[in-house]
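Okay, so here's the structure we're looking at.
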Amino acid sequence: MKKIILLSLICLTVITNSCKKTLDVTSSRVVSETNYWNTLEDARAGIMGVYGLTRAALADNNGHWIYGDVRMGNFASPIRQDLKAVIANNLNASYPLLNSLSNWRRFYAVVNAANTFLERIPEVKAKDPRYTANNMTVDVAQVRFLRAFIYFYMARIWGDVPLILSSRDGSFENRARTDQNAVLTFAQSEMEAAALDLPYYYSNGDLQQPGLYYNQSRNQWSGALITKLGAYAMLAHVAAWQGKYVDVIRYTKKVLTEYNTKYDLSYTNTSTLTSNSGLFYTNPNNLNDNQLFALGFIWANQDASFTGNIESLTLAEPVVNKNVPDIYVPKDSILSIFKEAGDSRFTIDSTGTVHSDALSASTPGYFTNFLGKYPIFAKIKVMQGGISDKTFRIFSSAILLTRLEDVTLLRAEAYAVLGENALATTDLNTIRQIRYNVDQQGLTNSSATDYVVYDPNVQGSLIEAIFKERQREFMGEGHHWYDRVRYEKIKQNNPQFMALINSGGIFWPVSRDILAQNPLITQNPYWK
Amino acid sequence: MRIIAIITFLGVLCTTTYSFGDPAMSARVSNHTKTKGRILLKGTARVGRDTTRKDTTKMDSSVGIKPPANTIGRRLESKSNVLDPVSLSTFPAISLQQYLKGNAAGVYVNEQSGEPGSIQNMFVHGTSQPLLSARDVYATQPLVVLDGVPLIGDHPYAFDIQQYQYNRIGPATNLLSIINMPNIESIRVLKGLDATAIYGPKAANGVIVITSKGATLKRRITFDSYAGVVTPNAVTTINGSFENKFRQQFYKKYAANGAFTQDDSYPMFLSDSLNNAFYGPSNWNDLYYKSMGIYSVNASISGGDERANFNFQLGDTKSGGVGDNTSMDRYNARFLLNMKPLNWFTFSALVNANRMIRDRNKNIRDRLAQVNYLPDLSTPLAPNKVNYANYLAQFNNGFDDNKNNVVNGYAKFGIDLGKFKFVTTYNIDYNEGYRDIFYPKTLLQGANYASNYFGYNDRTTIDNVATYEWAPNADNKFEFTGGYVLQYDFSRYTYAYAYKGSNDFIKLNLLNSDPNKSNYLTPTVFQPQLVYKFLDHTKGNTMSVYGKVDYLLKDKYTFSVTLRGDGSSTQQPTDRWFYSPVFGAGWDMKKEFLADNSSVSELRLHASAGRMGRYENFDNYSQGPQYTAFIGFTGNLISPGYDGIATLTRPYTAGYVPYGLKWAYTDQANLGIDASFLNNRLAVSVDGYYKHDKNMLLGVPSAAEYGYTSVIRNGMAIRNTGFDATVTGVIFPSTNKFSWTTSINMNFNRNTLTALPGGLKQVTINDANGNARLLQVGKSVDSYWLLTNNGIYNTDGEVPVANGKAMTYNGITMRTGDPKWADLNGDNQITDADRTLKGHALPTVAGGWSNSFGYQKWTLRLDFYYNLGRQLLNQQMANRFDFYNREGLNDINSVKEITFWEKRGDYSKYPIYNPASAVAPYQANQDLFLENANFVKLRTLQLGYDLTSVIKKKSSNVNRFYVYGSVNNVFTLTKYTGQDPELADYTGYDTGYGIQIPRTYTLGVKVDF
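The listed protein sequences derive, respectively, from chains A and B.
For the first sequence, the numbering used here gives the first residue as 26, with consecutive numbering after it.
For the second sequence, the numbering used here gives the first residue as 702, with consecutive numbering after it.
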């Protein structure tokens, strides 16, 4: 009997010692609802998350460049069959890459993160006194801008997309596609509203953002976040895509009158543009204001990536140790695109010698290995931390969405469309001044005013000259396809392309995976 | 050297211990050991005798605390559950899976590679999950209980940071390689809930209970060893000329001018027929396929008296692979001590320590997946021996060290008051793995790579069991069992890798170590921006209470009821506990009806039905809606933050986790019969089962417009039904000069998906290899989703036209040279709607057939292993024909291994499609590449001779002396045209990465003193 009592005692102690707490284990791998949206740091993690997802959405499968540059663009692909299909606008070909790129889920991750942020941020405001009203205003403006930007981006790719403005957490409801005009109108008005609240600078005593933003310095934020002028620059794109050229002038004017008075923007010369530690390199020790709106992969923060950049598509021998580039600009195309003399981006003399080699320090240009089988498009080549080491193909170039040259040429385009040819010419010449300023040997002319001005007899009509200039200037920056669509819409003289525009062939097909999940989504008619 | 050292050591140990022998003590305990120490070599002893009828536990002469015998409950178990470790131990296996393969009805073992120590999977009664990723496989593995210690495996959470999931980071060694078969007393495979219920929710996929030899009262020494050689099968090698000819037939047919498009470029390595590296002799196989010596040495000693006794065992096993110089070494030591300070109190402690060292393969794919960086892949390894030797030599400047230490053991306190017994056990299983890598610059196009991994998994169990036996009279016997179990699982790893060290001489990622300097802890040779560090851990605790009553009526009827409650920290707080009942009943029909009938020796029926929770391995589901730091994208999963600041967003890629997730559970029932006739000369055991796993979690692809890849939902149900059968016949009994016993076991399993969350009828999910899999209610989850191939369109005119439109594939018009895929829904478009579910990646019928012949002191064994009703998708062949698309992709799928230069498969089977067509004519997912993978293998051919009587004349201390010679994996009969129908992973796609399962020749000896 004694033994039984003893045993029961042992039993009881063991059982009571292990209280219910055993089963309350908080996962160290995720953050639960109760531990989030409480503090200033949560707000920061949330807004950076929206930026991070935006970057991921654009970088995924090198989408930004495949949508913008590869599709019916300047590039050819020597061996990649999936890219060949994109180049030929054969977008429903059976390749995994194409199916991934036709899936819009990753863009909606940004939308959902933004919606969640906008719904939940008042909780942080209520709980953490360190989170000021101004901080919230600026955060909300950025998040609203990013959401609108993503809708704009999606509307350009798929046309009609479901416009969803609530996170609908847990009760996800299938939605049909919203007319693209409504989506674009939303994007424009939303961006405009956001732009009003956005500061010119962060952590630099801006009236709309006094003090240090999240206690970080101006350098840290420069080039990383959307600013007021960045928002207007993107607004110009939104307006131009819709053909609202009056609005384009309104938005671009804002940027082009304030860029050096209220903000520290400047035009970028060719050598900085093509340097491996130049415009596309986000240097956390310097100001990166010239990246007017960019999503950076910052070397110092271990953001450098093997994929998610133009370099992984374009670079090969002799720039990096890869035999054949995924895409390249064929010689004939280079010669026909860059056929003007004095162009610092590509200078070829009468003997056929190229004087603007991407690897040259003194006369840098867009291309290298011009005489080889595959000329290498090496305008953007931020290898590792902005060095020129060919043995390891990790890159840290920013996804640069707009810059001052872009805004200037957009205004030129708007002026030209609206018949203000003189103003358009001035803007075009602003760009020509920094590009057509080299001699036959590729050396920069000594005088800043010594450049080849626009001449309709040589460069053709103003519209044509502006779009050709865009083609040259923004090669490899994910603009070409959209520029081409705008150009064709303005010119209306290419029946084949007009048929493509009218039948929705300028949009991507919607992924089979999406169609299988959501019965309300219909395929773009062109791809049925 | 190592063998000699070990043998010497063991020899010294034996002789010294032996000299301390005390004959009086042995005499004193002899009443406990009825078999007088002759417990070993049942395998040889059973020849011609029906030993399958014996309950091995009764043969157990060991002492110490044993799990409650539960003698009544045992009556409900199928007789076919028990395996014979003695015959298993002569098989030169390194892992438990290899031992079990073909030997246990209802256990299917997937040995995807002959590389020793690589991961192998087991499925008891089919799969309870669609096998789409390593996570699913982990969730379907049976629980292995070694000496009462439930073992923990490598948690799959580490895959979250891996772009390529071929191998888990770290040593990725099969942790079930620690089972040292010569030292095993018994193995039981528990399949039904009646037997598995007391092991709880982690046992929902079945339990394999392994008991090592215990301590003995009589001094006993065993010595067990084999040595042998593994030899490769012959292969046919090919060179650039072969490949060129193969490709040229496509060019001849479809590209008259030698190129499909302007930009087309024929691969460099095939362009130059004067290049001796590619066009010369293809003799790489001399360096890749090699014979290798293997051995195993095991010795044990046990002894003591009734108050204190022990068992000590040492072993060393080296297992070898025939491909790529792969091998594994295992050292183990085990010490068991029992003490009985009071008559009613026993203390018992066990430590089982193992070390495993593994030489892994040098596959380019696996290496690049580890490195996560793809150098230029346009030129493959050349098939020439000289070139290949140069490549292999580069590895000498680096290292790839894989080590595992596994320690498990227990401390047990047993109180025995006769009818009332109480045992409390503190169990621990701890395994740790190290992998240290350095690849020199030459292997990665100028960038070197260093990586260090340390990870461990730890399972601590506090297990209390009380039993009470009550027999009010001779007709009624009760056994009451109550248990209370706490289990703590913890897994953790630290991992770092770095690229581009400044040179190849410093092979470690060294850090500055002066804490007073500003550069403290920054790397010295690797750039800090290229050093990636990871740290992760996960936890799961469970708490279980159960009660069990077993009742035996008139020695004929058995009843058993188990009720249990299980709480798990990985379940949401609102549904933390799961309560479940299990019922069992047995009926001894021999005693009921045929007590006097001598032709029927045994006839028992048993049945059980019940429910048990299924343990969730991932702790994040318990948190409900959640946030993660993941902002990566395809090709870069490890983006650390934005602008140097950490982020938190919803788990868009992993899937939305809602509130209200509930326990998944399994409903099982079985009905079995054990019968034996003709004086036990024919024994039959048949067990029909019904296993329905319900309410399981599935990431349902949905909410894409809210950013999610999927929403995690309860409600998936998968049913496995079938039967296990074992038939043993004693054709000639051992009383004859010539004896023959034959035994066949089989499992027939049918897998059906019965429900999907939210009443969905089907969903499409991509598996880890990117293949789309359709899960359709009413179909099995291991089927392939394929287009049906009916030949080729030889001209554009053959393409069917409907309403003026030619047939399309996903919108692309079909043309000459495209495959004639069946348009099942008749809409003149080939889409996913025209794919059908075909074939099974897991066999519908699997088992083994073993034969034992005896002639005087000779024994001959022939063991076969077979799979029927299984199909493989020959992806390797698909890849070869899809050369045109693969050549250009610089991705992990376009890697060509050295084995690219081996001819596998039948090239003539496949039509010559236009490889450049946009319809992807050689996509793997069509029935063109689906092949019948049925096979029969002769796994063991063994000849043994019992020398006991000869040796006994010289030394009377020897109880047993048995020598044998074996050939294993002798031949395979199959129609499969690929390498070997076994060599495919759980998805059933044969990628060609499996290394040959080698033919092994061994000579062995088993000695007992």
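No residue lacks a Cβ here, since even glycine has one placed at the ideal position from N, Cα and C.
Show which residues of chain A have a CB atom less than 7 Å away from the CB atom of residue i.
| i | result |
| --- | --- |
| residue 1326 of chain B | 58, 194 and 195 |
| residue 1240 of chain B | 50 |
| residue 1511 of chain B | 117 and 119 |
| residue 1586 of chain B | 106 |
Suppose contacts are defined by Cβ-Cβ distances below 8 Å. Is residue i in contact with residue j by that definition?
| i | j | result |
| --- | --- | --- |
| residue 1301 of chain B | residue 1325 of chain B | no |
| residue 871 of chain B | residue 1156 of chain B | yes |
| residue 1478 of chain B | residue 1567 of chain B | no |
| residue 1703 of chain B | residue 928 of chain B | yes |
| residue 311 of chain A | residue 412 of chain A | no |
| residue 381 of chain A | residue 371 of chain A | yes |
| residue 252 of chain A | residue 171 of chain A | no |
| residue 1066 of chain B | residue 1598 of chain B | yes |
| residue 447 of chain A | residue 488 of chain A | no |
| residue 815 of chain B | residue 1696 of chain B | yes |
Quick one: which chain E residues come within Cβ less than 8 Å of residue i?
| i | result |
| --- | --- |
| residue 245 of chain A | Considering every chain present, this structure includes no chain E. Its protein chains are A and B. |
Write down the C-beta distance between residue i and residue j rounded to the nearest angstrom, noting that I regard them as a contact closer than 8 Å.
| i | j | result |
| --- | --- | --- |
| residue 329 of chain A | residue 322 of chain A | 6 Å |
| residue 421 of chain A | residue 407 of chain A | 5 Å |
| residue 882 of chain B | residue 800 of chain B | 6 Å |
| residue 1419 of chain B | residue 1356 of chain B | Not a contact, Cβ separation roughly 19 Å. |
| residue 189 of chain A | residue 202 of chain A | The Cβ separation is near 11 Å, so there is no contact. |
| residue 401 of chain A | residue 341 of chain A | 6 Å |
| residue 397 of chain A | residue 1343 of chain B | Their Cβ separation, rounded to whole angstroms, is 38 Å, which puts residue 397 of chain A and residue 1343 of chain B out of contact at 8 Å. |
Kindly list, in the order they appear in chain A, the residues whose Cβ is closer than 9 Å to that of residue i.
| i | result |
| --- | --- |
| residue 1460 of chain B | Ordered by position in chain A, no residue passes the 9 Å Cβ test against residue 1460 of chain B, which lies about 15 Å from the chain. |
| residue 1402 of chain B | 538, 541 and 542 |
| residue 1533 of chain B | 537 and 541 |
Strictly below 9 Å CB to CB, what residues from chain B border residue i?
| i | result |
| --- | --- |
| residue 392 of chain A | Ordered by position in chain B, no residue passes the 9 Å Cβ test against residue 392 of chain A, which lies about 17 Å from the chain. |
| residue 125 of chain A | 1335 |
Closer than 7 Å by beta-carbon distance: list the chain B residues that pair up with residue i, in chain order.
| i | result |
| --- | --- |
| residue 90 of chain A | Going along chain B, no residue has its Cβ under 7 Å from residue 90 of chain A, so there is no contact; the nearest lies around 14 Å. |
| residue 85 of chain A | 1334 and 1335 |
| residue 69 of chain A | 1346 |
Which chain B residues are close to residue i, counting only those with a beta carbon under 8 Å from its beta carbon?
| i | result |
| --- | --- |
| residue 330 of chain A | 1336, 1337 and 1340 |
Quick check: does the Cβ of residue i come within less than 7 Å of any heavy atom belonging to the ligand COA?
| i | result |
| --- | --- |
| residue 1311 of chain B | Judged by which ligands are present, the structure shown has none, so any question about the ligand COA falls away. |
Which residues of chain A have a Cβ atom closer than 8 Å to the Cβ of residue i, listed in chain order?
| i | result |
| --- | --- |
| residue 1323 of chain B | 50 and 52 |
Point to revise | beta strand (DSSP E) runs wholly inside the segment 1016-1096 of chain B, at least 3 long, in chain order | key: For the segment 1016-1096 of chain B, the full-length beta strand (DSSP E) segments reaching 3 residues or more read 1028-1043 and 1046-1060 along the chain.
Point to revise | Stretch pair the segment 1639-1650 of chain B + the segment 1667-1686 of chain B: three plus CB contacts closer than 8 Å | key: A contact exists between the segment 1639-1650 of chain B and the segment 1667-1686 of chain B.
Check your understanding: Taking contact to mean at least 3 C-beta pairs separated by less than 8 Å, is the segment 1083-1091 of chain B in contact with the segment 853-868 of chain B?
Key -> no
Check your understanding: Which whole runs of the alpha helix (DSSP H) in the segment 146-219 of chain A are 4 residues long or more, in chain order?
Key -> For the segment 146-219 of chain A, the continuous alpha helix (DSSP H) assignments of 4+ residues that do not extend past its boundaries occur at 158-183, in sequence order.
**Study point:** Stretch-stretch touch, CB-based, cutoff 8 Å, three pairs: the segment 910-919 of chain B with the segment 998-1008 of chain B
**Key:** Yes: at least three Cβ pairs fall under 8 Å.
Review point. Are the segment 1583-1597 of chain B and the segment 1536-1551 of chain B touching, with three or more C-beta to C-beta distances below 8 Å?
Key: no
Point to revise | Validate contact between the segment 1456-1468 of chain B and the segment 1401-1418 of chain B using beta carbons, cut 8 Å, 3 pairs | key: Flag = yes, the segment 1456-1468 of chain B and the segment 1401-1418 of chain B touch.
Practice item. Evaluate contact between the segment 1043-1055 of chain B and the segment 803-814 of chain B, counting only Cβ atoms and requiring at least three cross-stretch pairs below 8 Å. Key: no
Check your understanding: Does the segment 86-100 of chain A touch the segment 433-441 of chain A, meaning 3 or more C-beta pairs lie closer than 8 Å?
Key -> no
Check your understanding: Counting pairs of Cβ atoms below 8 Å between the segment 1201-1215 of chain B and the segment 1254-1263 of chain B, do you hit three or more?
Key -> no
Practice item. Could you tell me which uninterrupted beta strand (DSSP E) segments, each at least 3 residues in length, are contained entirely in the segment 1292-1320 of chain B, listed from first to last along the chain? Key: 1301-1315
Practice item. Could you say if the segment 252-263 of chain A and the segment 423-431 of chain A meet the contact criterion of at least three C-beta pairs nearer than 8 Å? Key: yes
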